[in-house]
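Be aware that the sequence shown starts at 1, since it is given in UniProt numbering, and climbs by one per residue. Don't be surprised by glycine CBs; every beta carbon is placed ideally from N, CA and C. Take a look at the structure set out below.
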Amino acid sequence: MIDNVLTVLKDTLNVATDLHDIVVVDNIGKHEDDTSGLDNKVVITLVSVEEESTMKNASRYNQVKVDNIPVRYELEPAPAYLNLYVMISANRTRYSNALINISKIIEIFQANSVLQYNDLKFRIELHSIPFEQLSYVWGLLGGKVMPSAFYKISVIKIAADTPPTDIELIDEVDVKSIKLD
């Protein structure tokens, strides 16, 4: 699912700009490797994944009715609701082209902040980080700082493909068998 969401970002940028398919999903940390193919590209890199804790409290029990009469409950596996943090970097040979690319990317996502993959809609918003954290991120990725923008993508739902567990309803209680002292 994460790869599909990042591919939607890539396709949105490649279609909506004059970038002519230079936007790729890859690890910007490989930019100094001559075989990486990231020269003169705009690179979308997943930096972090965070669980959306506010979505954890949803009910996992679904009532199954037959002729509008409850017959049982189904317990579904809990899905994971995620926020993705991505960095979009312009690894261009001309610095001015990199700045133009980043400006255009910000413009596109400001105008189109809700994107869709199949029936999943997700929101993308510009995410600011302090200079110290930015320095730390670039240090982890190889050190060469280039024009970039950070985005938060929310909320992505990842659910297990397992069938729900049936839970029978209690329809009768035998109180005669209970002994009181």
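Would residue i be called buried (16 or more neighbouring beta carbons within 10 Å of its own) or exposed?
i	result
residue 109	buried
residue 148	buried
residue 179	exposed
residue 91	buried
residue 131	exposed
residue 10	buried
residue 13	buried
residue 41	buried
residue 95	exposed
residue 103	exposed
residue 98	buried
residue 6	buried
residue 69	exposed
Is the CB-CB distance between residue i and residue j below 8 Å?
i	j	result
residue 44	residue 100	no
residue 167	residue 85	no
residue 142	residue 37	no
residue 83	residue 50	yes
residue 158	residue 80	yes
residue 47	residue 137	yes
residue 75	residue 162	no
residue 8	residue 134	no
Under three-state DSSP, which class holds residue i?
i	result
residue 51	strand
residue 97	helix
residue 3	helix
residue 162	coil
residue 78	coil
residue 186	Absent from the model: residue 186. The displayed extent of the chain is 1 to 181, so no value can be given.
Please tell me whether residue i has its Cβ less than 8 Å away from any Cβ of chain C.
i	result
residue 11	Here there is only one protein chain, and chain C is not present.
Worksheet item: Pairing CB atoms from the region 149 to 161 with CB atoms from the region 114 to 134, are three or more of them under 8 Å?
Response: yes
Worksheet item: Which full runs of the beta strand (DSSP E) of 3+ residues lie inside the region 93 to 140, going along the chain?
Response: Counting only runs of 3 or more, we get 114 to 117, 120 to 126.
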